[in-house]
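Please read the structure below before turning to the comments.
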Amino acid sequence: MQNSRSSQLFQQALKSIPGGVNSPVRAFRSVGSDPLFIKSAAGPMIFDEDGNGYIDYVGSWGPMIVGHCHPKVVEAIKKAAESGASFGAPTELEITLAEMVIKAVPSIEMVRMVSSGTEATMSAIRLSRGYTGRDNILKFSGCYHGHSDSLLVKAGSGLATFGVPDSPGVPADLAKHTLTATYNDLDSVRALVAANKGTIACVIVEPVAGNMGTVPPQEGFLEGLREICTEEGIVLIFDEVMSGFRVAYGGAQERFGITPDLTTLGKIIGGGLPVGAFGGKKEIMSQLSPAGGVYQAGTLSGNPLAMTAGIETLKLLQEPGFYEKLEEKSKFVAEGIAKAAKDAGFPLYSTRVGSMFCGFFSKEPVYNWDSAAKCDTKAFATYFRGMLEEGVYLACSQFETAFVGAAHTEQDLEKTIAAAAKCFKAL
Ligand code: PLP
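Using our numbering, you'd call the opening residue of the sequence shown number 281 and step up by one each time.
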């Protein structure tokens, strides 16, 4: 694979951008190579600056569920841009997307738009604190909720990759209010709740963990969280920035039938443009400024281009059979990769929820961060580079999720499985 132009651009970027990238995982550090610079994308494919094409399972880290440059989304964005990129004033588009989200997501009675998933979770936490009058929050190790101070404690995603449990720059006085429990372990939650009785504002959880690889909730885990939070007057937040409109139209809460008090969204609802949202019970949401006293704001919140891309994407997701087809494709490719590993005698623990999947390089089951952390990340790095050579673009870390989209064809999926088979044999 020829990648001289990517290498040249990376060297240039290093001079003006810290680490050469605008978000850490993009740097490919954990897989021992330099990042590819991407020039364009179409459907299931992305193309780098050297003209190489790859079947894409990153999908911009989740948003591109209908594929890149879907003609209806592109057309709508173009049209919206001609009417103005941003007004800083209310628009009808915001109501349209809000109503679509409210109709889709069981827990959401009112919703506020923001510009990223980080803003959504940060604001949901502030709202929970304001609503309950309590300071502590509870999260799970290996779950990632964006990069706000309170949530950068034992987080997944890039922090997991770099082995940095807590970022420098987060004041200890603030971090001490973040309690960390073990994913899929209700006893760890009960113990923290008992030891901090009456002080916990919210429990925030990825209902399908996607930032330590894909880790499904075990039976009873989400139900148990719901029960504990109801009993203790704690606000239950499902962070569905990744799983929202991904594992079902109504997200993980629809798929598993558990309703949180607040939900955070992002990624898919912006159709590839910068967006986030948080919503939930009217009683809690009406505490937000200007209706209530909890302050939250944004220059570009409800941006007309992002709203338009979100509306068009959601319309496509409503087409009959969309999620059934996606499920079939995802099952086919995830099971195909798992079989390829088995045939090659390579230990792989395969997980999948809808179109989120992961192959953990581990002999043991993975169900929380400690079990995920035991994976053979060196072998993963070799596999990742091999897959890239074969024209398959995976997330550049063991602790991320692969996303299947509607644009992936049967041929793409078969090619991916064949590439995996070759790479596992070579390991
Ligand atoms: N929450 C979850 C579950 C995420 O996966 C992410 C990003 O990957 C975020 C929050 C943060 O979103 P953003 O990167 O848009 O700030």
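Don't be surprised by glycine CBs; every beta carbon is placed ideally from N, CA and C.
Three-state class that DSSP yields for residue i in the structure shown
| i | result |
| --- | --- |
| Asp467 | helix |
| Met565 | helix |
| Asp328 | strand |
| Lys256 | Since the first and last residues shown for the chain are 281 and 707, residue 256 lies out of range. |
| Leu545 | strand |
| Ala653 | coil |
| Cys703 | helix |
| Leu289 | helix |
| Phe420 | strand |
| Tyr603 | helix |
| Thr579 | coil |
| Met390 | strand |
| Ile613 | It is worth fixing the name first, because residue 613 is Val in this sequence and not Ile. Helix at Val613. |
| Thr539 | coil |
| Asp623 | helix |
| Phe518 | strand |
| Ile697 | helix |
| Gly339 | helix |
beta-carbon residue i near ligand 1 non-hydrogen atom, thresh 8 Å
| i | result |
| --- | --- |
| Ser434 | It should be noted that the sequence gives Lys, not Ser, for residue 434. No, since every heavy atom of ligand 1 falls outside the 8 Å radius drawn around the Cβ of Lys434. |
| Tyr629 | no |
| Met344 | no |
| Tyr463 | no |
| Asp718 | Absent from the model: residue 718. The displayed extent of the chain is 281 to 707, so no value can be given. |
| Trp649 | no |
| Gly493 | no |
| Ala557 | no |
| Glu399 | yes |
| Lys547 | yes |
| Ser325 | One point to set straight first is that residue 325 is Met, not Ser, in the sequence displayed. Not so, every heavy atom of ligand 1 lies at least 8 Å from the Cβ. |
| Met522 | yes |
| His457 | no |
| Ser396 | yes |
| Thr460 | no |
| Gly560 | no |
| Tyr424 | yes |
| His348 | no |
| Thr662 | no |
Residue range of the unbroken beta strand (DSSP E) whose run includes residue i
| i | result |
| --- | --- |
| Thr371 | No beta strand (DSSP E) contains Thr371, which DSSP labels as neither H nor E. |
| Ala557 | 556-560 |
| Ser320 | 318-322 |
| Phe308 | Unbroken run through Phe308: none, as it is neither H nor E. |
| Lys477 | Element bounds for Lys477: n/a, residue is neither H nor E. |
| Leu716 | Lying before the first or after the last residue shown, residue 716 is absent from the chain, which here runs from 281 to 707. |
| Gly639 | 636-640 |
Alpha-carbon to alpha-carbon, residue j and residue i
| i | j | result |
| --- | --- | --- |
| Gly616 | Phe640 | 14 Å |
| Phe664 | Ser310 | 10 Å |
| Pro554 | Gly625 | 42 Å |
| Ala589 | Ser566 | 27 Å |
| Gly493 | Val613 | 16 Å |
| Met390 | Lys695 | 43 Å |
| Ala532 | Cys349 | 26 Å |
| Glu669 | Met281 | 6 Å |
| Ser630 | Lys595 | 31 Å |
| Ser635 | Leu606 | 6 Å |
| Thr510 | Leu432 | 26 Å |
| Ile538 | Ala435 | 24 Å |
| Tyr529 | Pro570 | 30 Å |
| Pro600 | Leu407 | 36 Å |
| Gln678 | Ser313 | 15 Å |
| Asn302 | Phe290 | 12 Å |
| Thr657 | Ser642 | 9 Å |
| Phe525 | Val385 | 9 Å |
| Ala474 | Asn416 | 13 Å |
| Gly551 | Lys295 | 31 Å |
| Leu373 | Ser320 | 28 Å |
| Leu377 | Ile549 | 8 Å |
| Val346 | Lys477 | 45 Å |
Segment limits, alpha helix (DSSP H) that includes residue i
| i | result |
| --- | --- |
| Ile357 | 351-362 |
| Cys482 | Here Cys482 belongs to no alpha helix (DSSP H); instead the beta strand (DSSP E) covers 480-485. |
| Cys509 | 501-512 |
| Arg414 | Note, Arg414: premise wrong, no alpha helix (DSSP H); not H, not E. |
| Phe596 | What sits at residue 596 in the sequence shown is Leu, not Phe. Run containing Leu596: 584-597, per the alpha helix (DSSP H) assignment. |
| Leu454 | 452-455 |
Residues near residue i in its chain [Cβ-Cβ closer than 6 Å; skip 5 each side]
| i | result |
| --- | --- |
| Leu316 | Ser286, Asp328 |
| His427 | Thr398 |
| Ala621 | Leu628, Phe704 |
| Ala322 | His348, Cys349 |
Same chain, Cβ closer than 8 Å to residue i, neighbours up to 5 away in sequence not counted
| i | result |
| --- | --- |
| Ser395 | Pro554, Val555, Gly556, Gly578, Leu580, Ser581, Asn583, Ala586 |
| Lys702 | Gly666, Glu670 |
Proximal residues to residue i (C-beta, below 7 Å), its chain only, five neighbours per side dropped
| i | result |
| --- | --- |
| Val574 | Arg406, Leu407, Gly410, Gln567, Leu568 |
| Ser430 | Ile405, Ile417, Leu454, His457, Thr458 |
CB contact check: residue i to chain B, cutoff 9 Å
| i | result |
| --- | --- |
| Phe704 | Structure shown: chain B not included; a single protein chain is present. |
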